[in-house]
Amino acid sequence: MGCNKALLEVNGKLLIQTLIDRVSPVTDQILISSNDPDCYKFLDFPIIPDRFPGNGPLAGFQSAMLASSYSLYLLLACDLPNLKTPLLRRLLSMAEGFDAVIPRTLDGIAHPLCAVYRRTCLQAVERALTRGDNKVIRTFLEDSLVVRWVEPKEGNFDDEDLANINTPEDLRNLKIHFSKPGDTLKM
Numbered sequence: 003m004g005c006n007k008a009l010l011e012v013n014g015k016l017l018i019q020t021l022i023d024r025v026s027p028v029t030d031q032i033l034i035s036s037n038d039p040d041c042y043k044f045l046d047f048p049i050i051p052d053r054f055p056g057n058g059p060l061a062g063f064q065s066a067m068l069a070s071s072y073s074l075y076l077l078l079a080c081d082l083p084n085l086k087t088p089l090l091r092r093l094l095s096m097a098e099g100f101d102a103v104i105p106r107t108l109d110g111i112a113h114p115l116c117a118v119y120r121r122t123c124l125q126a127v128e129r130a131l132t133r134g135d136n137k138v139i140r141t142f143l144e145d146s147l148v149v150r151w152v153e154p155k156e157g158n159f160d161d162e163d164l165a166n167i168n169t170p171e172d173l174r175n176l177k178i179h180f181s182k183p184g185d186t187l188k189m
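Have a look at this one:
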């Protein structure tokens, strides 16, 4: 995108604030993973820098787990404008007996940046980072973790709920969708 996606305004609200609004009903602790804390001071949440800078979301996830002693973690990308709180509740409710609960869209693509992880994942995450592998999904495919893959029907979501903004075209298409009279961001 060439900019900080979390600070993009969609439907009159910053994407990061939309995510906070959606996740607040399901947790009493929100951590922001960023190596640029000044960008997020206005949110008044703890900002956790990476212990392995330059290794993407996996490094942010590892640092957040080390900053908190919870047994479950909800990992969210900053660019999920259609994310719904009921989906987050559903993923959390499926976590018993699993190291990770990861939704997949109808095309079979996994969405590890909108998923629930148990603290038992920490060692696998650290092993991946130590060997220089920073791909979140690969960590959960190649290690001995027990993953629950959640399909749309089972998770009561559709592909649009997990749509993210990766390109200026994605953003333009989203703005076009919301520019129609009466359109609002899905809740």
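The sequence shown maps to residues 3 to 189 in the working numbering.
Note that beta-carbon positions come from the ideal geometry of N, C-alpha and C, so glycine has one too.
With 16 other Cβ atoms within 10 Å as the buried cut-off, status of residue i
i: R63; result: Rather than Arg, the amino acid found at residue 63 in this sequence is Phe. It is buried - the Cβ of F63 has at least 16 other Cβ atoms within 10 Å.
i: T20; result: buried
i: I111; result: exposed
i: D202; result: The structure shown does not extend to residue 202, since the chain is modelled only from 3 to 189, so the question has no answer here.
i: S181; result: For S181, the pLDDT reaches just 49, beneath the cut-off of 50, and the residue's location in the model is therefore unreliable, although a value from the coordinates is still provided. The residue is exposed, with fewer than 16 neighbouring Cβ atoms inside 10 Å.
i: F44; result: exposed
i: L115; result: buried
i: T141; result: buried
i: V28; result: exposed
i: G157; result: buried
Among the options, nearest to residue i - alpha-carbon criterion
i: D101; options: D30, T87, V127, A79; result: V127
i: N175; options: G56, D160, P83, Y75; result: P83
i: L164; options: V148, P170, V152; result: V152
i: R91; options: L17, E171, V25; result: V25
i: N37; options: E171, S65, S95, S73; result: S65
i: S95; options: P114, S35, R120; result: R120
i: H113; options: L143, G56, P39, T169; result: L143
i: P55; options: T29, Q125, L131; result: L131
i: R133; options: D40, N57, Y72, Q31; result: N57
i: D160; options: L89, S71, Y72, D23; result: L89
i: R150; options: G99, I167, D172, C5; result: G99
Bounding residues of the beta strand (DSSP E) (the contiguous stretch that carries residue i)
i: P105; result: 102-105
i: L77; result: 74-78
i: R150; result: 149-152
i: C5; result: Per DSSP, C5 belongs to no beta strand (DSSP E) and is neither H nor E.
i: A117; result: 116-120
Host alpha helix (DSSP H) of residue i (start-end)
i: L17; result: 17-25
i: R129; result: 124-132
i: R91; result: 87-95
i: A61; result: 58-69
i: R140; result: 138-144
Rounded distance between the beta-carbons of residue j and residue i, thought under 8 Å
i: L60; j: N136; result: 5 Å
i: K7; j: D81; result: 4 Å
i: T107; j: P154; result: 7 Å
6 Å Cβ shell around residue i - same chain, five flanking residues per side excluded
i: P48; result: L33
i: E11; result: none
i: P39; result: I49
Same chain, Cβ closer than 8 Å to residue i, neighbours up to 5 away in sequence not counted
i: A117; result: L76, L77, L93, A102, V103, I104, P105
i: A69; result: L33, P48, I50
i: I18; result: A8, L9, I34, Y42, L45, C80
i: L16; result: A8, L9, L10
i: L74; result: L94, A97, V118, Y119, R120, R121
Own chain, CB closer than 7 Å to residue i, minus 5 neighbours either side, in chain order
i: C123; result: D101, A102, L147
i: P183; result: Note that P183 has pLDDT 44, beneath the 50 cutoff, so the model's placement of it is unreliable and no number is given.
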